[in-house]
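Asks: Mind having a look at this structure? Questions to follow.
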Amino acid sequence: MHRLSLAEHPLMKLSALGSHLIMQRPYWVGLVLLWAGVTGLSYAWNVRTVEAYAERMAVFRGRLVFEVIQASRVWEEAHGDGAIRARLPPGEIQALSKHQREFNPASMTRQLDTMLARETDMRVRLTSLNPLNPDNAPESWERLALEAFNRGAPEYIDHLDSKTQHLYRYMAPLKTLDSCLPCHAGQGYKAGDVRGAMSITQDANYIMQNVASQLDNLRGQHIAAFLLLATVTWVSLSMIRRHILTIETERDRRRRMADRLARKVDELKQTQTELVQSEKQASLGRMVAGFAHEVNTPVGVAVGAASHAQEALGEIERLLGSEEVNEEDLRRQLAIIGESSALTLSNLKRAAALVQSFKRTSVDQISENDRDYEMAELIDDVRRSLHNVFKRTRIAIHIDCPDRLKLHGPAGAIEQILTNLLMNSFHHAYDDGARAGTIHIRARLNAGKIELRYEDDGAGMSAETLAKIFEPFHTTRRGKGGSGLGLYIVYSLVTVKLGGTISCHSEPGKGARFDLAYHGNSVPTVGNAS
10 MHRLSLAEHP LMKLSALGSH LIMQRPYWVG LVLLWAGVTG LSYAWNVRTV EAYAERMAVF
70 RGRLVFEVIQ ASRVWEEAHG DGAIRARLPP GEIQALSKHQ REFNPASMTR QLDTMLARET
130 DMRVRLTSLN PLNPDNAPES WERLALEAFN RGAPEYIDHL DSKTQHLYRY MAPLKTLDSC
190 LPCHAGQGYK AGDVRGAMSI TQDANYIMQN VASQLDNLRG QHIAAFLLLA TVTWVSLSMI
250 RRHILTIETE RDRRRRMADR LARKVDELKQ TQTELVQSEK QASLGRMVAG FAHEVNTPVG
310 VAVGAASHAQ EALGEIERLL GSEEVNEEDL RRQLAIIGES SALTLSNLKR AAALVQSFKR
370 TSVDQISEND RDYEMAELID DVRRSLHNVF KRTRIAIHID CPDRLKLHGP AGAIEQILTN
430 LLMNSFHHAY DDGARAGTIH IRARLNAGKI ELRYEDDGAG MSAETLAKIF EPFHTTRRGK
490 GGSGLGLYIV YSLVTVKLGG TISCHSEPGK GARFDLAYHG NSVPTVGNAS
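Printed below as a string of structure tokens:
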């Protein structure tokens with residue numbers, strides 16, 4: 010299953026997009042305009058709320074006045090002069106006073122209108138589609154309301170807003186009650202019919218002034234809120250932008266430092282590689298010099314023996330050319346030739362063995378190819394290649410390895426490891442061969458792993474030195490020819506080339522022990538000892 014990298018994560022992409030937008034000032038204007046739009050919408054909503062509340066209050070006032078007047082009219086019909094007239098026969102009504110005859114709900118409503126006009130901003134008017142009083146004839150707006158009442162509308166509301174007038178008008182129907190029938194039955198009304206309506210008109214200027222005052226406050230509040238939001242947004246974005254710029258500057262600086270460091274590391278690795286190759290070449294050079302010195306001895310002996318044999322042959326020719334041949338002298342010269350031939354043959358065989366050993370070792374160190382090899386023979390080849398180094402010292406090298414331990418792998422790496430360990434002991438453990446001692450090299454095949462133990466009884470090392478022995482360029486022989494790469498090469502070959510492990514144990518005066526372990530491929534055609 011594909012796993013998203015950190016850079017591919019949606020949150021990281023969103024963060025990168027946010028950083029990009031913050032870095033572009035034109036987008037800030039868009040955000041400020043967004044705040045302006047939000048503030049404008051809030052202001053518009055609040056304006057609509059205030060205006061709607063003003064209208065509701067106007068309607069509430071109109072409805073309240075209507076209900077109070079209507080309640081008064083009903084009471085008058087039930088308990089006032091209207092009730093008296095309702096209980097009298099029609100012929101006796103004329104006996105009532107003028108006030109009792111003329112005071113009715115309509116006249117009471119007109120009186121209330123006069124009082125309200127004098128004390129408040131409200132007017133009350135009665136109207137009907139069939140008015141008894143011509144003054145109560147409906148206007149066009151009132152006619153629309155009356156027609157709506159006939160269709161069942163409970164009330165009618167209007168807001169007149171012109172250049173000369175600002176009015177709220179409320180209108181509700183007047184339905185025929187049983188108490189109304191004595192006066193209005195003759196007009197054809199029956200109980201429940203709409204016989205007219207009452208309109209409540211109130212001046213909207215007072216309400217509009219309050220609304221305007223509230224809108225001014227709202228406008229100021231929203232402008233202040235917008236300016237505050239815009240300022241806070243701009244300042245915050247500026248601070249974030251500066252912070253991002255600082256981070257990017259620091260990131261670029263660190264990236265440049267990382268690039269420089271990477272180049273330096275590459276250069277260091279290249280230098281280390283070159284030094285390692287140089288160390289390998291130096292090791293090969295020492296091996297060649299040792300081989301040349303070692304092979305020179307048997308070859309020189311063989312040359313001397315051959316020369317001695319040649320002289321004996323010359324003496325035999327001289328004896329044979331004389332008149333008398335002394336058998337004893339002839340046999341003596343033939344014995345010299347036989348001894349010289351045997352000495353020549355043995356030394357040439359020794360030289361051939363040295364050449365064969367050198368060939369194996371040099372080819373292994375130059376080529377990194379795997380091959381079949383016998384571990385005991387390989388260790389002995391390394392010992393032979395360094396014989397010239399150790400032969401004038403009192404350092405003994407003991408090898409403990411099964412004779413038939415035949416393996417397949419990078420023989421050159423093993424030879425390089427053993428060469429470096431032996432040279433490390435020669436220089437450090439035994440003070441360039443000045444001290445006597447014994448080196449033990451032990452090899453075993455155990456459960457598919459080669460276990461190689463290298464141990465000397467030399468000077469040992471301190472804990473501080475022990476902690477750094479595998480670090481490149483660490484050496485205690487600075488200025489004395491030490492490169493500090495010998496054990497680093499050993500560590501690299503064991504851990505990288507062989508894929509194994511290596512550890513070292515040492516104390517001052519108690520020598521050093523190196524334990525190596527790596528996977529070994531034994532050759533199955535040969536019985537391996539372990």
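Here the working numbering is used: the sequence shown runs in plain steps of one and ends on residue 539. We treat Cβ as the ideally placed atom computed from N, Cα and C, and that holds for glycine. Every value quoted in this text rests on a predicted model; they were computed, and no experiment measured them.
1. According to DSSP, simplified to helix, strand and coil, what is S539?
2. Output the distance between the C-alpha atoms of N226 and A233, rounded to the nearest integer angstrom.
3. Quick one, which of R359, I459 and S245 has its alpha-carbon nearest G418's?
4. Have a look at L176 and L42 and give me their C-alpha separation to the nearest angstrom.
5. In this structure, does DSSP put Y497 in helix, strand or coil?
6. Let me confirm a value: T258 is counted as buried when at least 16 other C-beta atoms fall within 10 Å, else exposed. Which label applies?
7. May I have the straight-line CA-CA distance separating M432 from R392, to the nearest angstrom?
8. Just reading off the alpha helix (DSSP H) that T474 is part of, what are its end residues?
9. Please report the distance separating the alpha-carbon of H252 from that of T240.
10. Is V38 buried or exposed, if buried means 16 or more other CB atoms sit within 10 Å of its CB?
11. Sort E333, A314 and D338 by Cα distance to E348 and report the nearest one.
12. Count Cβ pairs between the segment 513-532 and the segment 412-427 that sit closer than 8 Å; are there 3 or more?
13. Would you check if the distance between the CB atom of A476 and the CB atom of A438 is smaller than 7 Å?
14. Mapping the DSSP letters down to three states, classify T58 as helix, strand or coil.
15. Less than 7 Å separating the beta-carbons of K358 and E383?
16. Which residues mark the beginning and the end of the beta strand (DSSP E) in which I406 is found?
17. Would DSSP call H396 helix, strand or coil?
18. Relative to the C-alpha of N139, which residue among L354, L183 and K519 is closest?
19. How would you write the range of the alpha helix (DSSP H) that E516 sits in, first residue to last?
20. Short of 6 Å in beta carbon distance, which residues of its chain neighbour V503, apart from the five on each side in sequence? Order them along the chain.
21. Out of I404, T136 and A157, state which residue places its alpha-carbon closest to the alpha-carbon of A206.
22. How far does the alpha helix (DSSP H) with E480 in it reach, from first residue to last?
23. Among R70, R34 and R178, whose alpha-carbon lies nearest the alpha-carbon of T242?
24. Could you name the residues that DSSP lists as bridge partners for P163?
25. Are A385 and D412 touching if we call contact CB-CB under 7 Å?
26. On a CA-only basis, which of L461, E148, P307 and E333 is nearest G499? Give me that one, please.
27. Going by DSSP in three states, A104 sits in which element: helix, strand or coil?
28. Taking G421 as part of the alpha helix (DSSP H), name the residues at either end of that continuous run.
29. I need the DSSP call for L141, collapsed to helix, strand or coil.
30. In the structure shown, what three-state DSSP assignment does V372 receive?
31. Relative to the alpha-carbon of E164, which residue among S222, E76, Q174 and C513 has its alpha-carbon at the smallest distance?
32. Suppose only complete runs of 4+ residues qualify. What are the alpha helix (DSSP H) ranges in the segment 324-358, listed by chain order?
33. Any idea what DSSP makes of V133, helix, strand or coil?
34. Would you mind reading off the limits of the beta strand (DSSP E) that contains T447?
35. As a quick exercise: from V56, G71, L328 and V310, pick the residue whose alpha carbon is nearest that of Y179.
36. Can you name the start and end residues of the alpha helix (DSSP H) that R543 belongs to?
Replies: In terms of the structure at hand:
1. By 1-based counting over the sequence shown, the position of residue 539 is 530. Legend: pLDDT at S539 = 36, less than 50; position of this residue unreliable, no value from coordinates given.
2. To locate residue 226, count along the sequence shown from 1; it is residue 217. To locate residue 233, count along the sequence shown from 1; it is residue 224. Straight-line Cα distance between these residues: approximately 10 Å.
3. In the sequence shown, the residue the question calls residue 418 occupies position 409. Of the listed residues, the one whose Cα sits closest to G418 is I459.
4. For this step, residue 176 is matched to residue 167 along the sequence shown. For this step, residue 42 is matched to residue 33 along the sequence shown. For L176 and L42, the distance between alpha carbons rounds to 38 Å.
5. Translated into positions along the sequence shown, residue 497 becomes position 488. Looking at Y497 - three-state DSSP - the assignment turns out to be helix.
6. Counted from its first residue, the sequence shown places residue 258 at position 249. When all chains shown are included, T258 counts as exposed.
7. Translated into the one-based positions of the sequence shown, residue 432 becomes position 423. Translated into the one-based positions of the sequence shown, residue 392 becomes position 383. Looking at the two C-alpha atoms, the distance is approximately 11 Å.
8. As a position in the sequence shown, residue 474 is number 465, starting the count at 1. Residues A472 to L475.
9. What you label residue 252 is simply residue 243 of the sequence shown in a count that begins at 1. What you label residue 240 is simply residue 231 of the sequence shown in a count that begins at 1. If I take the Cα positions, the gap works out to 18 Å.
10. Walking along the sequence shown from the start, residue 38 turns up at place 29. Exposed, since its Cβ has fewer than 16 Cβ neighbours within 10 Å.
11. Taking the sequence shown and counting its residues from 1, the one referred to as residue 348 is at position 339. Comparing Cα positions, the closest option is A314.
12. Here the segment 513-532 makes contact with the segment 412-427; the two share three or more CB pairs at distances below 8 Å.
13. Position 467 of the sequence shown holds residue 476. Position 429 of the sequence shown holds residue 438. No, these two residues do not count as a Cβ contact at 7 Å.
14. Here residue 58 corresponds to residue number 49 of the sequence shown, with the count starting at 1. Here T58 sits in helix by DSSP.
15. As a position in the sequence shown, residue 358 is number 349, starting the count at 1. As a position in the sequence shown, residue 383 is number 374, starting the count at 1. No. Outside cutoff.
16. Locating residue 406 in the sequence shown gives position 397, where the first residue counts as 1. Counting along the chain, the beta strand (DSSP E) containing I406 begins and ends at I404 to D409.
17. Start at 1 with the first residue of the sequence shown, and residue 396 comes out as number 387. Helix.
18. Position 130 of the sequence shown, counted from the start, is the residue given in the question as residue 139. Of the candidates L354, L183 and K519, the one whose C-alpha sits nearest the C-alpha of N139 is L183.
19. The residue given as residue 516 occupies position 507 in the sequence shown. Careful: E516 lies outside any alpha helix (DSSP H) and carries neither H nor E.
20. Translated into positions along the sequence shown, residue 503 becomes position 494. Excluding sequence neighbours, V503 sits near G509, I511 and L525.
21. Working through the sequence shown from its first residue, we reach residue 206 at position 197. Comparing Cα-Cα distances from A206 to each of I404, T136 and A157, the minimum goes to T136.
22. Numbered from 1 along the sequence shown, position 471 holds the residue referred to as residue 480. Where E480 is concerned, there is no enclosing alpha helix (DSSP H), given that its DSSP letter is neither H nor E.
23. Position 233 of the sequence shown holds residue 242. Of R70, R34 and R178, the residue nearest in Cα terms is R34.
24. On the sequence shown, residue 163 is found 154 positions in, with the first residue counted as 1. Per DSSP, none; premise fails for P163.
25. Taking the sequence shown and counting its residues from 1, the one referred to as residue 385 is at position 376. Taking the sequence shown and counting its residues from 1, the one referred to as residue 412 is at position 403. The answer is yes: Cβ separation under 7 Å.
26. Here the question's residue 499 lines up with position 490 in the sequence shown. According to the sequence provided, residue 499 is Val. The question's Gly does not apply to it. Residue L461 is the option with its Cα nearest to V499.
27. As a position in the sequence shown, residue 104 is number 95, starting the count at 1. A caution first: A104 carries a pLDDT of 48, below 50, which makes its placement in the model unreliable, though a value can still be read off. Of the three classes helix, strand and coil, the one that applies to A104 here is helix, per DSSP.
28. For the purposes of this step, residue 421 is taken as residue 412 along the sequence shown, with counting starting at 1. Its alpha helix (DSSP H) spans residues A420 to N433.
29. As a position in the sequence shown, residue 141 is number 132, starting the count at 1. Reduced to three states, the DSSP call for L141 is coil.
30. Translated into the one-based positions of the sequence shown, residue 372 becomes position 363. Here V372 scores only 49 on pLDDT, less than 50, and its place in the model should not be relied on; the value that follows carries that caveat. Helix at V372.
31. Taking the first residue of the sequence shown as position 1, residue 164 is located at position 155. With distances taken between Cα atoms, E164 lies closest to E76.
32. none
33. As a working note, residue 133 is residue 124 in the sequence shown. Correct three-state label for V133: strand.
34. Here residue 447 refers to the residue found at position 438 when the sequence shown is read from its first residue. Start and end: G446 to N455.
35. Counting from one through the sequence shown, the residue named residue 179 turns up at place 170. It is G71.
36. Not covered by the structure: residue 543. The range shown for the chain is 10 to 539.
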